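Participant: Residues 230 to 798, numbered by this note's numbering, are exactly what the sequence shown covers, in order.
Glycine included, every Cβ here is placed at the ideal spot set by N, Cα and C.
Quick caveat: nothing in here was measured; it's all calculated off a predicted structure.
Attaching a single structure in C-alpha cells format; questions to follow.
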Amino acid sequence: MMSLGLFTCSVYASAKDLKNCVLAQYSPQTVAISGLPDPSSKGSYKFKIIKYGKKPSILSFSNPEIVTQKVKLPRFLAEYSRSKGYKDDAYHKFNNDTPLDGKIWLPNGKGPFPLVLITHGNSAPSFDYLAELLASRGYLVVQVEQTYLNGLRGENGARGWLLLEHLKLWRQWSSDSTLPFFEKVDMENVALIGMSRGGEAVALATTFNQWQTLPHSDEALDLGFNIRAVIALAPMDGQYLHTDGSNILKNTNYLVLQGGHDADVYQFLGSQQWQRTSFDDGGDYLKQLIYFYRGNHINFNQSMSGSFHWGKRGNFDAQLLAPAEQEKLTKVFVSAFLEASILKKSEYRQLFKQLPLAEFDLPKDIYISRYINSDFKVIEDFEDSSIKVKLSRVNRDNKQTFLPASIEPERLRYGVDTLNRVLRVNLAKGVETHVKIQLPSQMINSQSNHQYLNFQFSIARADISTQQQCEPYNLFSETKVEVLQDSFLVESISLGSMGTVSPLLLSDFSELEQGGIQYAQTEPVLQTFSVPVKVENIADGATELAIIFKPSHNVTIILDDFGVTGGIH
230 MMSLGLFTCS VYASAKDLKN CVLAQYSPQT VAISGLPDPS SKGSYKFKII
280 KYGKKPSILS FSNPEIVTQK VKLPRFLAEY SRSKGYKDDA YHKFNNDTPL
330 DGKIWLPNGK GPFPLVLITH GNSAPSFDYL AELLASRGYL VVQVEQTYLN
380 GLRGENGARG WLLLEHLKLW RQWSSDSTLP FFEKVDMENV ALIGMSRGGE
430 AVALATTFNQ WQTLPHSDEA LDLGFNIRAV IALAPMDGQY LHTDGSNILK
480 NTNYLVLQGG HDADVYQFLG SQQWQRTSFD DGGDYLKQLI YFYRGNHINF
530 NQSMSGSFHW GKRGNFDAQL LAPAEQEKLT KVFVSAFLEA SILKKSEYRQ
580 LFKQLPLAEF DLPKDIYISR YINSDFKVIE DFEDSSIKVK LSRVNRDNKQ
630 TFLPASIEPE RLRYGVDTLN RVLRVNLAKG VETHVKIQLP SQMINSQSNH
680 QYLNFQFSIA RADISTQQQC EPYNLFSETK VEVLQDSFLV ESISLGSMGT
730 VSPLLLSDFS ELEQGGIQYA QTEPVLQTFS VPVKVENIAD GATELAIIFK
780 PSHNVTIILD DFGVTGGIH
C-alpha cells in the first residue's frame, strides 16, 4: 500500500496561512442563477411538538405524551458483538428492553406529510434547527433519541435496527383514528437522516429494511418500508459489518456531507458508502456527495459545538466555518435533496450538478460535488482488468507517445486504500496529455432523440507536495474535450466554463495533535463534471472522446467513472 505520508507545514507561518493559501488557489466560476426558492427558507406550515417514549419513572421531570413499549434487539446483532470480542453485558445492556424515544414536529394541515427520521451519533439529539425547517415545509419530522447506546462499540447495527422499530410505530399510528397522526403520515415517502454513527445507522437501516428474513433464520420480517432518501452527515462506516462484508445500499437516493477539517471522522468514510450505493430496478435515483473545505464535525449543530471554543481546540475551530454557517449549508443541501428525491422536483436535481454557490447565502468556501444518476451508463470505472482508456503525450515536435495506464486504489486520508479503483495521471507543465476513450455506438443510439448527450467523468488533484503557489489556478482553464469521428476532429469543447477543479485541499490539525498522534494533511476527493456533446456530430462511425490537458503547473490527478447520462432536448 502506498502512503500519502504526513506533510509538513513548515512552508507556512501558521495553519491560518495554509488555509488562506488553499482558498486563494480556488478559482470559482461564474454560474447561472437557478431562480429557485431558497430550500433553507422557512415554509408556510405551523407545527406542534409531541414527545413519545418509555413510561416515565416517578422522578422524571417530563412525561411523554405517548408511551411506547420497549423492544428486543434481534439475535444477529448479538452474534456480531461476540464475533468482535465486545462484552455482551456492555453492548446488550438494553437487549430485551430497548426504549423507543422520539420528539415529533407535526405540521398543521390535512396531510399526508412525508415522514423524516433524524438520528444523532455518539452525542445528544441536537437537530431541532433542521426539524423545525423541514416541518415548516410540510414534512412530519421525528428526532429519534438513542443516547442509551452512546459509548458502546459496534452498536451502529442496533442504531439502524431501532430506526425500523420506530417506523413500525409510525405505520400503526398512521392508521389509528384515536391518534393525531391518523391519515397524516405519507408512509410511501420516508427519509432517514443521520450524523456520525447515526450516519452509518441510516444506511444500515435501509439495507435491513430490504431483508425478507433475519440472517441465518426463516423468521419472516414485516418491514419493506418505502425509504426513498438516505442522508448522512459526516458518517462513520464499517463500525458494524454484515457477515458478508460492507453494507450495500440499493435503489435509494443517497446524500453525504463531509467537512475537510473533521477531527472526529477524519477520513471521508461516507464516500465509501457512496461507492457502495447502486441502482438496478429501473427507478429514478440520485447519489450525491458534497465535501466542503472548512467544515468540522461538531459544527453540524450549535449544541454540539458550543462547549469546545477554548484553548487549542478553540484556535482550531475559529479558522473554520462558524456553526451557524455550517447549519446553513446543511439546511440548504438537505432540504434541496428532499425536494428532489421525496417531492420529485427535478429542478432541484440541477442544483446538485451545478452547486448554487452564488445563491441562498451559502457560506463562501470550496465545495466539491460528486454525483451519479440512475440513468448513468458507465463506459469505464477501472474495476476490471480490461482498461478502455488510452493515455498519450504529445511533445513539442508533435510526436505522440503512448503511456501505460496506472490503476490504483482510491485512497483516504493516511493513504488508506479503498475498494474503488482510479486512474492516476502525472501531468507535466506545458506538455499535452491525452486521455482517450471509445464511445460505444449503443450509447449514442440511445440518445438519438436528444440534441446532446452528457459525457461525465470525475477528477481530483492528487499531488503530494505542499509547495503550493498561493494564486488562483483552475486546471480546466487549460483543458478541453475533443470529439473524434473516425480519427477526424468534429467538435472541440473548452472546459474552462464547465467548472473549477479544486486545488489540493491541505488541512492543518497540528493544534489538536498530542501524544505523538498526527493527522495526515490531505485526501483527494473526486468531483464530477458533465460535458454536453452534440449528438449530430457523433451519428455514425467510430467515436472517440479525448480529454486534453496542457497545464501550466506540474499536476497529478486521479480520474474515475467515465460514462454518459441522459441528454438535453
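Check I527 in the structure and name its three-state DSSP category.
Facilitator: helix
Participant: Is there contact here, the stretch 431-438 with the stretch 458-478, by at least three beta-carbon pairs under 8 Å?
Facilitator: Touching, yes.
Participant: Please classify G350: does DSSP put it in a helix, a strand, or coil?
Facilitator: In this structure, G350 counts as coil in the three-state DSSP scheme.
Participant: Under three-state DSSP, which class holds H471?
Facilitator: Assignment of H471 by DSSP, reduced to helix, strand and coil, places it in the strand class.
Participant: Counting Cβ pairs, one atom from each stretch, are 3 or more of them under 8 Å apart for the stretch 396-411 and the stretch 353-368?
Facilitator: no
Participant: Quick test of your reading: H204 and G467, contact by CB under 8 Å. State the CB separation rounded to the nearest angstrom.
Facilitator: Residue 204 lies beyond the range of the chain shown here (230 to 798); nothing can be said about it.
Participant: Run the CB neighbour count on P753, radius 10 Å, all protein chains shown included, and call it buried at 16 or more, exposed below.
Facilitator: buried
Participant: Taking the alpha-carbon positions, what's the L393 to P585 distance?
Facilitator: 34 Å
Participant: How big is the Cα-Cα spacing for V712 and H782?
Facilitator: 25 Å
Participant: Alpha carbons only, please: which of N418, D447, E554, L359 is nearest the one belonging to R400?
Facilitator: N418
Participant: Measure the alpha-carbon distance for F411 versus L335 and round it to whole angstroms.
Facilitator: 12 Å
Participant: Are the stretch 256-273 and the stretch 573-589 touching by the rule of at least three beta carbon pairs closer than 8 Å?
Facilitator: yes
Participant: Can you tell me the Cα-Cα spacing of F342 and N351, whole angstroms?
Facilitator: Spanning the two alpha carbons is a distance of roughly 29 Å.
Participant: Figure out for me which residue from E308, A689, K619 has the closest Cα to the Cα of T785.
Facilitator: A689
Participant: Checking the sheet assignment: what are the DSSP bridge partners for T327?
Facilitator: T327 is bridged to V300.
Participant: Nearest by alpha-carbon distance to H663: which of L381, V623, P638, Q685 is it?
Facilitator: V623
Participant: Can you check which of these residues, S286, R304, I278, is closest to E294 by C-alpha distance?
Facilitator: Nearest option by C-alpha distance: I278.
Participant: Less than 8 Å separating the beta-carbons of I722 and V764?
Facilitator: no
Participant: Among A244, Y241, P257, which one has its Cα closest to the Cα of S726?
Facilitator: P257
Participant: In angstroms, rounded to a whole number, what distance separates the CA positions of D733 and Q750?
Facilitator: First, the amino acid is wrong: residue 733 is Leu here, not Asp. Approximately 10 Å, taken between the alpha carbons.
Participant: Taking 6 Å as the limit between beta carbons, can you name the residues of its chain near G792, skipping five residues before and five after?
Facilitator: Once the five neighbours on either side are set aside, the close Cβ partners of G792 are F605, K606, V607, I608, Q685.
Participant: Three-state secondary structure (DSSP) at A463?
Facilitator: coil
Participant: Could you please give me the residues that DSSP links to R650 through a beta bridge?
Facilitator: According to DSSP, residue pairing for R650 in a beta bridge involves P638.
Participant: Comparing C-alpha positions only, which one of M465, L668, P552 sits nearest to S355?
Facilitator: P552
Participant: Is the beta carbon of Y469 closer than 8 Å to that of G331?
Facilitator: no
Participant: Among residues of its own chain, excluding the 5 on either side of K617, which ones have a beta-carbon nearer than 7 Å to its beta-carbon?
Facilitator: I608, E609, I666, Q667
Participant: Looking at the structure shown, is H395 part of a helix, part of a strand, or coil, going by DSSP?
Facilitator: helix
Participant: Measure the alpha-carbon distance for Y520 versus D491 and round it to whole angstroms.
Facilitator: 11 Å
Participant: Under three-state DSSP, which class holds S500?
Facilitator: helix
Participant: Run through DSSP, which three-state label would Q680 get?
Facilitator: coil
Participant: Can you pull the DSSP bridge partners for A689?
Facilitator: According to DSSP, A689 bridges with I787.
Participant: Please work out which residues of its chain come closer than 6 Å, Cβ to Cβ, to L462, disregarding the five sequence neighbours upstream and downstream, and give them in chain order.
Facilitator: M424, G428, L486, F529
Participant: Give me the residue from I777, L329, G795, K284 with the minimum Cα distance to E661.
Facilitator: Comparing Cα positions, the closest option is I777.
Participant: With distances taken Cα to Cα, identify the nearest neighbour of I422 among R388, H445, K339, V414.
Facilitator: R388
Participant: CB D594 to CB Y522, shorter than 8 Å?
Facilitator: Between D594 and Y522, the CB-CB gap stays under 8 Å.
Participant: D357 by DSSP, collapsed to three states: which one?
Facilitator: helix
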